[in-house]
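Start counting at 1 in the sequence shown, then tack on 1, and there's your number in our numbering. Notes follow the structure.
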Amino acid sequence: MSVKYQRVVLKLSGEALAGKKGFGINPPVIASIAQQIKRIHDLDVEVAIVCGGGNIWRGETGAEMGMERSQADYIGMLATVMNALALQDGLESINVPTRVQTSIEMRQIAEPYIRRKAIRHLEKKRVVIFAAGTGSPYFSTDTTAVLRAAEIDADVILMAKNGVDGVYSADPQVDPTATKYDELTQLDVINKNLGVMDSTASSLSMDNDIPLVVFNLNETDNILRVVQGEQIGTTIKG
Ligand code: UDP
Numbered sequence: 002m003s004v005k006y007q008r009v010v011l012k013l014s015g016e017a018l019a020g021k022k023g024f025g026i027n028p029p030v031i032a033s034i035a036q037q038i039k040r041i042h043d044l045d046v047e048v049a050i051v052c053g054g055g056n057i058w059r060g061e062t063g064a065e066m067g068m069e070r071s072q073a074d075y076i077g078m079l080a081t082v083m084n085a086l087a088l089q090d091g092l093e094s095i096n097v098p099t100r101v102q103t104s105i106e107m108r109q110i111a112e113p114y115i116r117r118k119a120i121r122h123l124e125k126k127r128v129v130i131f132a133a134g135t136g137s138p139y140f141s142t143d144t145t146a147v148l149r150a151a152e153i154d155a156d157v158i159l160m161a162k163n164g165v166d167g168v169y170s171a172d173p174q175v176d177p178t179a180t181k182y183d184e185l186t187q188l189d190v191i192n193k194n195l196g197v198m199d200s201t202a203s204s205l206s207m208d209n210d211i212p213l214v215v216f217n218l219n220e221t222d223n224i225l226r227v228v229q230g231e232q233i234g235t236t237i238k239g
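This is the structure we're talking about:
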């Protein structure tokens, strides 16, 4: 079976790991995502994953409630590590070899992020899970996904969304005339304020020509379908 992309960065929001409750880690949900990842791993696609943390903690929310922003953001980065370990568990339990690399060192549970080592793991067909975001407050895991994709020279970022099947001209829940875009540029996303990612992530992706596919994670086999080049979701050119 031929694939369109050889090396991908899959961005999983924290929400995607939470299931219906919308909070915390849901092992059956992780198991089903792991199965989807295994299907592309079986096709020899090199897979790196960036985990969000919003299912546990968001720095912005902490700051809104009076916490010092950087401190709140560090809690958010630690939340992404919990998600990464859960995902590692889900993948390894179905015999997909993985390594977790963290941008903040915690050597007892994961490797520190080392770019060349990450690439080596990918070449050896280990799924690399990047955790702890960029390691710096005021950034997001979307920005992390773009940064890591640039560093490891990924072909695409697969932006898996929870129940949303692409980018729309307006919120389809609110505006019945909203239409889905098949293709956009990052400049469109920024100019039209489409809110796909934060502006730091969008501009980094634009400046470095990294394409992105936004698609619905909740439909079985969508990761596989995107990797095989099927036109689903919205493709955003760098
Ligand atoms: N975070 C951060 N720096 C980073 C990445 C993440 O400070 O480089 C913090 C930030 O507080 C954020 C939280 O980690 O709210 C969880 O990440 P994010 O909101 O991107 O997760 P997602 O929305 O994808 O679940």
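Note that CB positions come from ideal geometry on N, CA and C, so glycine has one too.
Return yes when at least one heavy atom of ligand 1 lies under 7 Å from the C-beta of residue i, else no.
i    : result
F131 : no
M78  : yes
S137 : yes
R59  : yes
S141 : yes
G134 : yes
S14  : yes
A73  : yes
T81  : yes
T103 : no
T144 : yes
G54  : yes
Identify the continuous beta strand (DSSP E) that holds residue i and give its terminal residues.
i    : result
N217 : L213 to N217
R8   : R8 to L13
I225 : Per the sequence shown, the amino acid found at residue 225 is Leu instead of Ile. That residue, L225, is in no beta strand (DSSP E); its alpha helix (DSSP H) goes N223 to V228.
Determine, using beta carbons only, whether residue i and residue j come nearer to each other than 8 Å.
i    : j    : result
L88  : I50  : yes
G60  : I76  : yes
A150 : V46  : no
V147 : A202 : yes
A64  : S104 : no
G167 : F216 : yes
V48  : V128 : yes
I38  : V97  : yes
T135 : L205 : no
Q36  : I95  : yes
I153 : R116 : yes
According to DSSP, simplified to helix, strand and coil, what is residue i?
i    : result
L185 : strand
H107 : Here residue 107 turns out to be Met, not His, going by the sequence shown. Reduced to three states, the DSSP call for M107 is coil.
Q232 : coil
M160 : strand
P113 : strand
R100 : strand
K118 : helix
I237 : strand
V4   : coil
T168 : Residue 168 is actually Val in this sequence, not Thr. Looking at V168 - three-state DSSP - the assignment turns out to be strand.
E65  : helix
K125 : coil
I57  : coil
E220 : coil
V190 : helix
G25  : coil
G20  : helix
For the alpha helix (DSSP H) that contains residue i, what are its first and last residues?
i    : result
L148 : T142 to E152
V51  : Run containing V51: none in the alpha helix (DSSP H); it sits in the beta strand (DSSP E), E47 to C52.
I130 : From DSSP, I130 is part of no alpha helix (DSSP H) but of the beta strand (DSSP E) over V128 to A132.
N84  : R70 to E93
V30  : P28 to H42
M207 : S200 to D208
Is there a C-beta anywhere in chain C that falls below 8 Å from the one on residue i?
i    : result
T236 : The structure shown contains no chain C; it holds only a single protein chain.
Evaluate the contact criterion for the region 64-72 versus the region 138-154: three or more CB pairs, one atom per stretch, below 8 Å. Taking 8 Å as the limit for Cβ pairs, the verdict is that the region 138-154 does touch the region 64-72.
Looking at C-beta atoms only, is the number of pairs between the region 28-40 and the region 91-108 that lie closer than 8 Å three or more? These segments touch.
Using 8 Å as the cut-off, can you tell me whether the region 8-26 makes contact with the region 157-165, which would need three or more C-beta pairs spanning the two stretches below that distance? With the cut-off at 8 Å, the region 8-26 and the region 157-165 touch.
For the region 171-180 against the region 224-237, do three or more pairs of beta-carbon atoms, one drawn from each stretch, fall closer than 8 Å, so that the two count as touching? These segments do not touch.
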